[in-house]
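Residue numbers (our numbering), protein chains in the order written: chain W, 658 to 939; chain V, 658 to 939; chain E, 658 to 939; chain H, 658 to 939. Even for Gly, the Cβ is constructed at its ideal location relative to N, Cα and C.
4 protein chains.
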Amino acid sequence: MKIALLLNTDKPNCFTVAFEVCNHLKKLGAEILLDQSVRNQFLAPDTHYMDFDSMIQDCQILVALGGDGTILHAAKRAAIFHKPVLGVNVGRLGFMAGLESNELDRLSCLFSGDYMVDHRMLLQVTIENQPGIYYALNDAVVSKSSLSRIIDIDLALDGKDIASYRADGMIVSTPTGSTAYSLSAGGPVVDPEMSGILVTPICPHSLFARSILFRDDKKIRLTASCLSGTDAYLTVDGEQGRLLSPGDCVHIQKAELEASILRIKRQAFYDVLNEKLINRRS
Amino acid sequence: MKIALLLNTDKPNCFTVAFEVCNHLKKLGAEILLDQSVRNQFLAPDTHYMDFDSMIQDCQILVALGGDGTILHAAKRAAIFHKPVLGVNVGRLGFMAGLESNELDRLSCLFSGDYMVDHRMLLQVTIENQPGIYYALNDAVVSKSSLSRIIDIDLALDGKDIASYRADGMIVSTPTGSTAYSLSAGGPVVDPEMSGILVTPICPHSLFARSILFRDDKKIRLTASCLSGTDAYLTVDGEQGRLLSPGDCVHIQKAELEASILRIKRQAFYDVLNEKLINRRS
Amino acid sequence: MKIALLLNTDKPNCFTVAFEVCNHLKKLGAEILLDQSVRNQFLAPDTHYMDFDSMIQDCQILVALGGDGTILHAAKRAAIFHKPVLGVNVGRLGFMAGLESNELDRLSCLFSGDYMVDHRMLLQVTIENQPGIYYALNDAVVSKSSLSRIIDIDLALDGKDIASYRADGMIVSTPTGSTAYSLSAGGPVVDPEMSGILVTPICPHSLFARSILFRDDKKIRLTASCLSGTDAYLTVDGEQGRLLSPGDCVHIQKAELEASILRIKRQAFYDVLNEKLINRRS
Amino acid sequence: MKIALLLNTDKPNCFTVAFEVCNHLKKLGAEILLDQSVRNQFLAPDTHYMDFDSMIQDCQILVALGGDGTILHAAKRAAIFHKPVLGVNVGRLGFMAGLESNELDRLSCLFSGDYMVDHRMLLQVTIENQPGIYYALNDAVVSKSSLSRIIDIDLALDGKDIASYRADGMIVSTPTGSTAYSLSAGGPVVDPEMSGILVTPICPHSLFARSILFRDDKKIRLTASCLSGTDAYLTVDGEQGRLLSPGDCVHIQKAELEASILRIKRQAFYDVLNEKLINRRS
Chain W
658 MKIALLLNTD KPNCFTVAFE VCNHLKKLGA EILLDQSVRN QFLAPDTHYM DFDSMIQDCQ
718 ILVALGGDGT ILHAAKRAAI FHKPVLGVNV GRLGFMAGLE SNELDRLSCL FSGDYMVDHR
778 MLLQVTIENQ PGIYYALNDA VVSKSSLSRI IDIDLALDGK DIASYRADGM IVSTPTGSTA
838 YSLSAGGPVV DPEMSGILVT PICPHSLFAR SILFRDDKKI RLTASCLSGT DAYLTVDGEQ
898 GRLLSPGDCV HIQKAELEAS ILRIKRQAFY DVLNEKLINR RS
Chain V
658 MKIALLLNTD KPNCFTVAFE VCNHLKKLGA EILLDQSVRN QFLAPDTHYM DFDSMIQDCQ
718 ILVALGGDGT ILHAAKRAAI FHKPVLGVNV GRLGFMAGLE SNELDRLSCL FSGDYMVDHR
778 MLLQVTIENQ PGIYYALNDA VVSKSSLSRI IDIDLALDGK DIASYRADGM IVSTPTGSTA
838 YSLSAGGPVV DPEMSGILVT PICPHSLFAR SILFRDDKKI RLTASCLSGT DAYLTVDGEQ
898 GRLLSPGDCV HIQKAELEAS ILRIKRQAFY DVLNEKLINR RS
Chain E
658 MKIALLLNTD KPNCFTVAFE VCNHLKKLGA EILLDQSVRN QFLAPDTHYM DFDSMIQDCQ
718 ILVALGGDGT ILHAAKRAAI FHKPVLGVNV GRLGFMAGLE SNELDRLSCL FSGDYMVDHR
778 MLLQVTIENQ PGIYYALNDA VVSKSSLSRI IDIDLALDGK DIASYRADGM IVSTPTGSTA
838 YSLSAGGPVV DPEMSGILVT PICPHSLFAR SILFRDDKKI RLTASCLSGT DAYLTVDGEQ
898 GRLLSPGDCV HIQKAELEAS ILRIKRQAFY DVLNEKLINR RS
Chain H
658 MKIALLLNTD KPNCFTVAFE VCNHLKKLGA EILLDQSVRN QFLAPDTHYM DFDSMIQDCQ
718 ILVALGGDGT ILHAAKRAAI FHKPVLGVNV GRLGFMAGLE SNELDRLSCL FSGDYMVDHR
778 MLLQVTIENQ PGIYYALNDA VVSKSSLSRI IDIDLALDGK DIASYRADGM IVSTPTGSTA
838 YSLSAGGPVV DPEMSGILVT PICPHSLFAR SILFRDDKKI RLTASCLSGT DAYLTVDGEQ
898 GRLLSPGDCV HIQKAELEAS ILRIKRQAFY DVLNEKLINR RS
């Protein structure tokens with residue numbers, strides 16, 4: 658089996674864990690592919706260094722070492738090539754990891770087939786009259802610029818205007834993204850096994866600050882009508898910032914692609930939720 | 658066509674509207690069935706007075722006159738006999754009405770088939786080791802008694818404990834119920850076309866006060882572990898209060914029954930949502 | 658110095674700590690007064706058992722062993738006799754304790770004068786046309802009964818109606834009480850050194866669910882206009898439940914009495930706040 | 658009496674109201690001062706056009722025509738010269754206006770002394786090691802830039818670190834500002850007659866998202882520790898944006914200056930609050 662290994666080289670203990678992962682995988686008979694851009698930092702024997710896309714295309718499974726952010730971006734890249742991702746957690750408790758770094762002996766489960774596959778919905782994001790498709794595994798956010806005071810955002814559903822918000826911004830998220838930025842903005846937790854599109858306003862002037870969860874076949878359109886001298890931005894999964902022109906329509910809908918995230922460890926979404934969030938009393 | 662008519666006799670203008678509805682329906686050739694318990698208050702010529710259950714069983718459509726509460730309860734009773742309900746709104750703007758009281762000429766649509774049918778999920782609620790099934794179109798609530806200070810509620814999912822809340826209570830609601838009590842407790846709006854089970858704590862001591870939306874095939878179990886001298890209650894759709902004994906387990910899951918709610922007016926869920934909630938700026 | 662000792666005998670380790678406290682205080686030359694009702698459970702040599710009120714009147718300082726609830730009630734009782742309270746924490750981290758149970762050697766500070774006195778505002782609560790004054794160190798709550806669906810509560814300020822809430826209830830709290838029930842209902846933290854009256858609705862139907870903080874010279878009046886068949890309750894500091902008749906007016910204002918709470922440990926309000934609440938990331 | 662008149666020339670009906678105000682004031686014997694920058698747009702007979710600061714210094718009262726924003730900024734400018742402001746509302750209901758544009762005959766109250774003076778606290782904002790003092794009548798905000806993902810903000814009180822927030826930003830507001838941006842971010846309403854400093858996080862990652870109200874003698878220090886490649890901004894009353902360098906300390910405390918806002922109309926803060934916010938049921 659060919660396994661591609663992706664590292665978040667910003668995490669201090671990433672290299673130690675990566676060496677251990679390599680050793681386990683090699684003992685299990687895997688061929689290990691690495692991104693050639695890390696060769697200077699991480700030189701492991703008996704591995705293949707390739708360009709990123711070839712590495713993903715060539716592998717059967719992508720193993721990503723890092724926190725939720727690293728695993729998220731790996732899963733999105735892998736989804737384009739229809740490859741599954743196993744996240745190995747190197748850091749504090751997260752929702753995306755399928756294995757903790759102290760459970761590496763269980764990597765053998767990848768070979769015995771003893772794992773779960775979580776299928777996660779992606780959003781497809783486009784700007785009207787502009788080329789390019791963005792994919793979001795967490796969220797697409799339309800927000801004011803730092804120096805703007807406020808923006809007006811019109812929300813349409815299947816082409817029909819349904820509401821207008823005066824706010825700092827709007828978050829459109831997948832169930833997976835419900836525990837990311839949307840949670841900070843006051844949104845609910847949505848079981849990542851569900852399908853649905855969650856819309857959460859950021860600091861709305863309106864008294865109605867609640868999230869709305871739409872069915873996953875709805876097509877969302879956000880139009881930021883900026884007041885004089887203010888700008889709006891589109892950000893996808895916290896990384897692609899794009900300045901919007903006045904009147905730009907952002908279209909968001911369920912993508913045909915989906916991410917496949919492997920899970921070996923027994924701890925599932927609700928265990929992490931419970932440990933991270935619920936069982937904390939004041 | 659046999660049409661049963663249900664009135665909320667507490668609403669002051671209910672009788673006037675009821676006479677108009679009768680006149681319209683009779684002109685359209687319908688046979689009108691009425692609950693015999695209203696005969697003293699509402700005596701209409703050429704109608705049939707029957708006991709409630711026979712009336713529902715005998716009709717093709719149940720028309721309910723009142724507010725959201727009246728229509729909700731009518732829809733639940735009708736669901737047991739697999740009959741659809743048309744709510745005629747007699748009051749302020751609501752989510753459940755399929756026709757406003759100033760649109761009665763459009764009752765002819767019932768005969769031409771020119772209407773929508775909204776299928777709404779019900780919850781089935783039982784108490785372990787006790788007979789009786791309750792159905793909720795909005796919500797099932799386990800809450801402390803007035804004089805209790807707090808209760809501990811354990812939440813299990815498919816038989817597995819996932820969290821423990823110290824709170825005033827817990828609301829388990831359908832998407833329909835997301836705009837009822839759950840909204841007051843801080844929950845999100847869930848598109849009533851969706852399927853899912855929304856769990857919202859009431860005044861939790863925990864810092865984590867967010868709703869969680871589960872897939873509709875999950876089985877919820879709530880166990881109230883009362884502190885000394887305190888009681889817990891189960892309330893279903895705001896009407897059936899039942900004292901729980903310490904350790905009583907309340908089981909909640911999607912019912913096989915569903916409610917069928919007719920809609921003639923063009924105004925749909927998001928129009929009402931927008932008018933009632935969103936477009937109100939401070 | 659005469660020191661009265663109050664125990665929460667429900668706490669399992671209360672007696673052990675109480676013996677240690679007695680030993681320390683006796684070595685320091687204090688005369689120890691105890692409530693005669695605990696004589697069967699806690700028999701300490703060289704101490705005086707008296708009835709509760711005499712004990713409070715006779716002492717210079719009341720030392721209360723327990724959690725926030727115990728210390729709160731002790732402080733209120735002591736306030737009536739203008740006596741200060743030192744809370745010794747026997748349990749998890751709290752806001753009211755002036756000493757932790759592993760810091761008992763610092764009880765000598767009571768004799769050297771090396772302590773802080775926190776003056777805490779009390780609310781005075783009366784029901785119109787009824788005898789009796791209640792004092793609240795945390796809060797006065799008007800709420801629906803368990804089986805009521807909702808109540809309407811009118812809020813007046815200095816005799817002038819300012820708002821009407823349809824809600825599960827209303828919490829009127831001191832700054833001290835802002836970290837108690839009000840926090841669970843969504844209220845802010847108010848520095849306990851401040852003076853002010855915080856009003857927080859519980860699960861309001863209105864979209865406006867925010868707390869309002871009034872100046873401490875305002876007189877609050879709450880009138881619960883119950884819908885048919887529903888009851889309202891007045892609860893003070895979570896302990897005195899009193900059924901309200903329809904139209905009963907509850908008057909709440911700053912009391913002339915205030916509680917004096919001693920603090921020996923260096924850890925102050927913001928340390929506890931930080932440890933209990935703020936530094937918890939998802 | 659010399660009265661300076663300040664116009665928000667962006668409001669469409671501003672000039673009409675301004676002419677009426679001039680007429681009323683001239684009949685009452687006032688001398689009217691105008692900013693020379695509006696001479697091209699608003700040329701009124703028998704008035705004096707002067708530079709802005711001279712106009713403020715020379716007048717006894719500043720009358721500001723516009724919405725809350727206009728009146729806020731007028732009040733701040735006037736406060737520096739210890740002059741009172743009367744806001745005349747030209748737009749939708751606001752908290753700052755002391756007179757509605759259909760009540761202009763009551764301008765005579767300015768001459769008879771038949772008005773209230775609301776004294777409003779200002780915050781004084783400085784950046785450590787940088788010249789310049791900013792004054793806030795609403796709020797000072799430290800926030801991430803549009804393209805940053807998150808910032809860490811340390812909050813110190815009287816020089817002592819009390820908490821660290823990972824958030825989109827932090828709002829430090831006066832009671833007056835509690836109904837502005839802080840309300841959108843989830844903060845409480847604070848009676849503008851009170852004194853106090855309200856700190857509200859914007860979209861915090863921490864589960865603890867509540868505002869904290871400090872006593873007005875506390876000195877607040879915010880330090881934004883930006884993650885790699887991200888920036889933080891300081892904004893005062895929504896208008897002065899200033900890029901902060903990593904480690905810049907922003908000091909915020911009650912200013913010695915205060916704003917004096919005149920009120921003629923009978924409608925006071927709680928009437929506006931009630932009309933704008935509270936009496937809206939879902």
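Mind pulling the chain V residues with CB within less than 8 Å of residue i?
i: residue 926 of chain H; result: Per Cβ cutoff of 8 Å: no residues; residue 926 of chain H is ~14 Å from chain V at best.
With a threshold of 16 other CB atoms inside 10 Å of the CB of residue i, please say whether the residue is buried or exposed.
i: residue 777 of chain V; result: buried
i: residue 749 of chain E; result: exposed
i: residue 752 of chain W; result: buried
i: residue 723 of chain H; result: buried
i: residue 862 of chain H; result: buried
Does any C-beta atom of chain H lie closer than 8 Å to the C-beta of residue i?
i: residue 923 of chain W; result: no
i: residue 750 of chain E; result: no
i: residue 868 of chain W; result: no
i: residue 846 of chain E; result: yes
Tell me whether residue i sits in a helix, a strand or coil according to DSSP, three-state version.
i: residue 834 of chain V; result: helix
i: residue 868 of chain W; result: coil
i: residue 622 of chain H; result: Residue 622 of chain H lies beyond the stretch modelled for chain H, which goes from 658 to 939, so this question has no answer here.
i: residue 659 of chain V; result: strand
Roughly how many whole angstroms lie between the Cα atoms of residue i and residue j?
i: residue 721 of chain V; j: residue 664 of chain V; result: 6 Å
i: residue 914 of chain E; j: residue 759 of chain W; result: 59 Å
i: residue 737 of chain H; j: residue 815 of chain E; result: 34 Å
i: residue 682 of chain E; j: residue 765 of chain E; result: 8 Å
i: residue 802 of chain W; j: residue 797 of chain H; result: 17 Å
i: residue 858 of chain W; j: residue 904 of chain W; result: 19 Å
i: residue 931 of chain W; j: residue 819 of chain V; result: 7 Å
i: residue 920 of chain E; j: residue 731 of chain E; result: 15 Å
i: residue 698 of chain E; j: residue 708 of chain E; result: 15 Å
Can you list the residues of chain W that residue i reaches, using a CB-CB cut of under 7 Å?
i: residue 812 of chain E; result: Per Cβ cutoff of 7 Å: no residues; residue 812 of chain E is ~18 Å from chain W at best.
Run through chain W and tell me which residues come within less than 8 Å of residue i, C-beta to C-beta.
i: residue 864 of chain E; result: 864, 865
Show which residues of chain V have a CB atom less than 9 Å away from the CB atom of residue i.
i: residue 827 of chain W; result: The premise fails here: residue 827 of chain W is roughly 12 Å from chain V at the closest Cβ pair, so nothing lies under 9 Å.
Is the shortest distance between the beta-carbon of residue i and the beta-carbons of chain W less than 8 Å?
i: residue 665 of chain V; result: no
i: residue 1026 of chain V; result: Lying before the first or after the last residue shown, residue 1026 of chain V is absent from chain V, which here runs from 658 to 939.
i: residue 744 of chain V; result: no
i: residue 850 of chain V; result: yes
i: residue 860 of chain H; result: yes
i: residue 841 of chain H; result: yes
i: residue 890 of chain H; result: yes
i: residue 724 of chain H; result: no
i: residue 872 of chain V; result: yes
Measure from the C-beta of residue i to each C-beta in chain V and report whether the shortest distance is under 8 Å.
i: residue 793 of chain E; result: no
i: residue 759 of chain W; result: no
i: residue 687 of chain E; result: no
Quick one: list the residues of chain E neighbouring residue i, beta-carbon separation under 7 Å, in chain order.
i: residue 800 of chain V; result: 803
Spell out whether any CB of chain E is found under 8 Å from the CB atom of residue i.
i: residue 991 of chain H; result: No information on residue 991 of chain H is available, as it lies outside the stretch 658 to 939 that chain H covers here.
Please report whether the beta-carbon of residue i lies at a distance below 8 Å from any beta-carbon of chain A.
i: residue 789 of chain W; result: The structure shown contains no chain A; the protein chains it does contain are W, V, E and H.
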